[in-house]
Structure formats: C-alpha cells, structure tokens
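Quick note: the sequence shown, position 97, residue 98 per my numbering, numbers continuous.
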Amino acid sequence: MSEVTLTIGGRRHTVSCAAGEEAHIAELGDIIDAKLKQMGAAASQDSKNLLFASLLLADELHEARSASSAAPVEPDENGPGQIQAQLAELERAAAQKDAELADARSAAADEIKTLQAQVSELLAQKESVRAANEGLQAEFKALENERDALAAAALSAEQTPPQDSGAHAGWGQGDLAPALERFADLLENCADKLEG
Numbered sequence: 002m003s004e005v006t007l008t009i010g011g012r013r014h015t016v017s018c019a020a021g022e023e024a025h026i027a028e029l030g031d032i033i034d035a036k037l038k039q040m041g042a043a044a045s046q047d048s049k050n051l052l053f054a055s056l057l058l059a060d061e062l063h064e065a066r067s068a069s070s071a072a073p074v075e076p077d078e079n080g081p082g083q084i085q086a087q088l089a090e091l092e093r094a095a096a097q098k099d100a101e102l103a104d105a106r107s108a109a110a111d112e113i114k115t116l117q118a119q120v121s122e123l124l125a126q127k128e129s130v131r132a133a134n135e136g137l138q139a140e141f142k143a144l145e146n147e148r149d150a151l152a153a154a155a156l157s158a159e160q161t162p163p164q165d166s167g168a169h170a171g172w173g174q175g176d177l178a179p180a181l182e183r184f185a186d187l188l189e190n191c192a193d194k195l196e197g
C-alpha cells in the first residue's frame, strides 16, 4: 500500500491507496478541493463543507452516468462485431480462392493427362509410320533388284538369239515389254507410297 497526502480546504490529509493509484487519488483530492473553493467554504465548517462537496460531486457523477446511459450508443465501426464480420468475409474469400486453386490444379492435371495420352499416341503412330517406311523401302529395293535383273535379262536376250531349250524358251520380245511395264507400275506405286 502507498500513502498520498492531499490538501483539501487548506488542510493536509494523508490517505492510503493501492500502489500505482497515487496520481489518481491526488487528482480526485484536487477536484474535491476545487469544489470546496467554489462553495466558498468557511474554515470553521470543514467537515460539514467536505460532506456537502462530496454530496455535490456524487450528484454530478450520478447525473453524468445517467446522461451517458440514456444516450444511444453508436456502434464502433471497428468494434468486435465489425472485426468478426470482416474476419468471416476474409475467411470466405480465402476459401473461395482455395476452391478456385483446387479446380485449376485439377484442370491442369486433366490437361496434362490428355496431352500425355496424345504424345503416346503420336509416338505410336510415328513408330508405325517408321516401320511401314522401312517395309516400303525394303520392297522398293527388292523391286529395284528385280528390275535390274529383268533389264539385264532383256539386254542379254537382245544380244543372243533365242534358243528353244530352257525354262524361258517361250518368251519373246513381246512377253518382255508387258512384264517391264508392270514392273514400272509397281515401282511407281512404291515411290508414291514412300512419298505419302
């Protein structure tokens, strides 16, 4: 406990108070002293005047409290209710953004899966085209070899007179031309397939 010395009506009074309340008690003593001076108190009636000053101060305090309780209290726009409402709104906005982000992630994952499937399909098509190309090139090479063999046979047939003995004894110049034309058509088809 602490002690404070108050001067009221020209007299000194020492009172006890809680620690840290000294300045507040001194201020209250000054208010009572000022009220006594307003009343024009005489020195002989100190205790009676102190009683009247205290009653007047209590009455003023009562009127002030009544007036403040009768006055409508306007809500503070930064009061707890407003802060709670703002917090709830922010939480709703954050939840909405989280949902939008989750949707965007899901859509991106679906798009990635679709693109991966398309890439796999294109790789399979590429492999199929490569295999077909290799097959066509092998067929083309075989046809070129056959053409070269037929051309060599035709050249040899032109240079040597035909003999009746042999497997192709019945072949003449008339048989060779259509065979070469068919061969040329096959080569052309293979070339078209390779280009396509």
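All residues carry an ideal CB built from backbone N, CA and C; glycine is no exception.
### Query
Between K36 and L62, is the Cβ-Cβ spacing less than 8 Å?
Mapped onto the sequence shown, residue 36 falls at position 35. Mapped onto the sequence shown, residue 62 falls at position 61. Contact flag unset, no.
### Query
Taking C-alpha atoms, which residue in H14, N190, L177 lies nearest to F141?
On the sequence shown, residue 141 is found 140 positions in, with the first residue counted as 1. Considering only alpha carbons, the answer is N190.
### Message
If distances are taken between C-alpha atoms only, which option among V130, E112, L181 comes closest to N146?
### Response
Here residue 146 refers to the residue found at position 145 when the sequence shown is read from its first residue. The shortest Cα separation from N146 among V130, E112, L181 belongs to L181.
### Query
Would you call the CB atoms of E4 and V16 closer than 8 Å?
Reading the sequence shown from its first residue, position 3 is the one you call residue 4. Reading the sequence shown from its first residue, position 15 is the one you call residue 16. Contact: yes.
### Task
Throw me the rounded Cβ distance for the L188 and L137 pair, which I believe falls under 8 Å.
In the sequence shown, the residue the question calls residue 188 occupies position 187. In the sequence shown, the residue the question calls residue 137 occupies position 136. 12 Å between Cβ atoms; not a contact.
### With 16 other Cβ atoms within 10 Å as the buried cut-off, status of A168
Here residue 168 corresponds to residue number 167 of the sequence shown, with the count starting at 1. Residue placement at A168 cannot be trusted, given a pLDDT of 49 that sits under 50; the coordinates are not used to answer.
#### Entry: Below-8 Å beta-carbon distance, C191 vs any chain D residue
Chain labels in this structure do not include chain D; a single protein chain is all it has.
### Task
Just confirm the distance between the C-beta atoms of L51 and G10, as a whole number of angstroms; I'd bet it's less than 8 Å.
What you label residue 51 is simply residue 50 of the sequence shown in a count that begins at 1. What you label residue 10 is simply residue 9 of the sequence shown in a count that begins at 1. The Cβ separation is near 7 Å, so the contact holds.
### Message
Buried or exposed, going by whether 16 or more other CB atoms sit within 10 Å of the CB of E103?
### Response
As a working note, residue 103 is residue 102 in the sequence shown. Here residue 103 turns out to be Ala, not Glu, going by the sequence shown. Exposed is the call here.
### Query
Does the Cβ-Cβ distance between S55 and I33 come in under 8 Å?
Translated into the one-based positions of the sequence shown, residue 55 becomes position 54. Translated into the one-based positions of the sequence shown, residue 33 becomes position 32. In this structure, I33 lies closer than 8 Å to S55 by Cβ.
### Query
Thinking C-beta only, is G30 closer than 8 Å to L7?
As a working note, residue 7 is residue 6 in the sequence shown. As a working note, residue 30 is residue 29 in the sequence shown. Yes.
### Beta-carbon gap between D155 and L177 smaller than 8 Å
Taking the first residue of the sequence shown as position 1, residue 155 is located at position 154. Taking the first residue of the sequence shown as position 1, residue 177 is located at position 176. Before going further, note that residue 155 is Ala rather than Asp in the sequence given. In this structure, L177 lies closer than 8 Å to A155 by Cβ.
### Query
Which residue comes first and which comes last in the alpha helix (DSSP H) that contains E28?
Here residue 28 is taken as the residue at index 27 of the sequence shown, counted from 1. Where E28 is concerned, the enclosing alpha helix (DSSP H) stretches over 23-40.
### Message
According to DSSP, is T8 part of a helix, a strand, or is it coil?
### Response
Counting from one through the sequence shown, the residue named residue 8 turns up at place 7. Strand, per DSSP.
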